[in-house]
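The structure under discussion appears below in the form of structure tokens.
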Amino acid sequence: MGRAMRAGRRGGAVARAAAYLLSGLLVAAILWLGGLVWYAANVPRTSPAGADAERPTDAIVVLTGGSNRLGTGLELLAAGRARKLFVSGVYDGVEVQELLKLSRRSPTELECCITLGYSADSTIGNAYETADWMRDQGFRSLRLVTANYHMSRSLLELSMAMPDVELVPHPVVAPTVHLDEWWAWPGTANLLINEYNKLLVVGLRWMVHQAVQD
């Protein structure tokens with residue numbers, strides 16, 4: 014009888030532990046899904062306009078990897094929104110003149126004011142590469158040009174790499190990302206889920222970074 018009672022108590026404890034685990038997983042799944050919906054709803058639908066778009070900064074920084082980013086950065090530079098343009102994450106062998114030709118601009122028009130960074134192969138790499146360049150230039154503010162869905166994570170990475178630099182977001186609307194009813198577009202849904210998961214990881218790193226700084 015004693016053995017049976019002990020076995021029953023162990024079985025009950027296992028059942029309760031399993032129930033707690035399932036409850037925790039369910040709560041975590043609900044929180045994750047709610048965060049994903051919030052993230053997707055807050056991805057910018059339009060590029061900056063008015064005073065936000067015209068506000069000058071020391072530099073413009075373009076993170077490569079998506080359509081229209083470089084063209085937007087060059088347009089901002091040509092409009093006098095900053096003194097210099099830094100393009101982070103460029104493939105080895107690509108030169109300024111080649112990029113300008115690809116963007117259908119005269120190689121002599123803006124070449125003097127553009128610097129290319131070749132060392133970054135990730136967003137965190139972009140942040141540290143940009144921070145090094147900003148320090149070398151003595152700049153204190155930058156306008157960040159990247160895809161709208163990539164902006165939140167990029168800002169967190171750059172804020173950790175250079176906390177004393179003012180960051181002005183300039184999201185580029187990606188034409189292939191369908192934000193209205195995004196769940197009905199498999200490509201967009203997969204992109205947003207992956208980006209959201211990466212944002213969660215960077216967000217945890219940011220909280221640890223802030224705790225260490227404090």
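Its first residue numbered 14, the sequence shown is counted upward by one per residue in this note's numbering. We put the CB at the ideal spot given by N, CA and C, even for glycine.
Return the residue from the list the options that minimises the CA-CA distance to residue i.
| i | options | result |
| --- | --- | --- |
| Val-186 | Gly-48, Val-40 and Leu-83 | Leu-83 |
| Gly-138 | Leu-171, Cys-125 and Thr-85 | Leu-171 |
| Ala-66 | Val-40, Ala-54, Gly-93 and Val-50 | Gly-93 |
| Thr-128 | Asp-145, Ser-135 and Gln-223 | Asp-145 |
| Ser-135 | Ala-95, Pro-184, Ala-91 and Leu-76 | Leu-76 |
| His-183 | Ser-36, Gly-37, Thr-189 and Pro-69 | Pro-69 |
| Ser-60 | Gly-37, Gln-226, Val-181 and Leu-35 | Val-181 |
Residue i to residue j, Cα distance in whole Å?
| i | j | result |
| --- | --- | --- |
| Asn-207 | Pro-176 | 26 Å |
| Leu-213 | Leu-44 | 12 Å |
| Gln-150 | Trp-196 | 43 Å |
| Asn-161 | Ala-28 | 46 Å |
| Trp-219 | Met-173 | 7 Å |
| His-191 | Thr-201 | 6 Å |
| Leu-11 | Arg-58 | The question about residue 11 has no answer here: the residues shown for the chain are numbered 14 through 227. |
| Lys-211 | Tyr-33 | 27 Å |
| Met-14 | Asn-203 | Reliability of the predicted coordinates at Met-14 is poor, the pLDDT of 49 falling under 50, and no value is obtained from them. |
| Gly-216 | Leu-169 | 7 Å |
| Asp-193 | Ser-132 | 35 Å |
| Ala-64 | Asn-81 | 21 Å |
| Met-164 | Ala-26 | 46 Å |
| Ala-62 | Tyr-141 | 29 Å |
| Gly-102 | His-222 | 24 Å |
| Asn-55 | Leu-205 | 12 Å |
| Tyr-104 | Val-40 | 43 Å |
| Thr-159 | Ala-95 | 16 Å |
| Leu-90 | Val-50 | 35 Å |
| Leu-38 | Pro-199 | 25 Å |
| Gly-78 | Val-225 | 31 Å |
In three-state DSSP terms, what is residue i?
| i | result |
| --- | --- |
| Thr-77 | coil |
| Ser-192 | The sequence shown places Leu at residue 192, not Ser. Three-state DSSP puts Leu-192 in coil, outside helix and strand. |
| Pro-199 | helix |
| Val-50 | helix |
| Met-175 | coil |
| Val-214 | helix |
| Arg-58 | coil |
Ordered along the chain, which non-local residues of its own chain (more than five positions away) have a Cβ less than 6 Å from that of residue i?
| i | result |
| --- | --- |
| Leu-74 | A small correction: the amino acid at residue 74 is Val; Leu does not occupy that position in the sequence shown. The answer, listed in chain order, is Phe-99, Thr-143, Leu-155 and Leu-157. |
| Tyr-52 | Tyr-209 |
| Lys-243 | Here the chain has residues from 14 to 227 only, and residue 243 is not among them. |
| Thr-85 | Val-158 and Val-185 |
Pull up the DSSP beta-bridge partners for residue i, would you.
| i | result |
| --- | --- |
| His-163 | Paired residue(s): none; His-163 is not in a bridge. |
| Arg-156 | Ile-73 and Val-181 |
| Val-100 | Val-75 and Leu-129 |
Within a Cβ cutoff of 7 Å, which residues of the same chain sit near residue i, ignoring the five residues on either side of it in sequence?
| i | result |
| --- | --- |
| Val-178 | Met-147, Arg-153, Ser-154 and Leu-155 |
| Val-109 | Glu-124, Ile-127 and Leu-129 |
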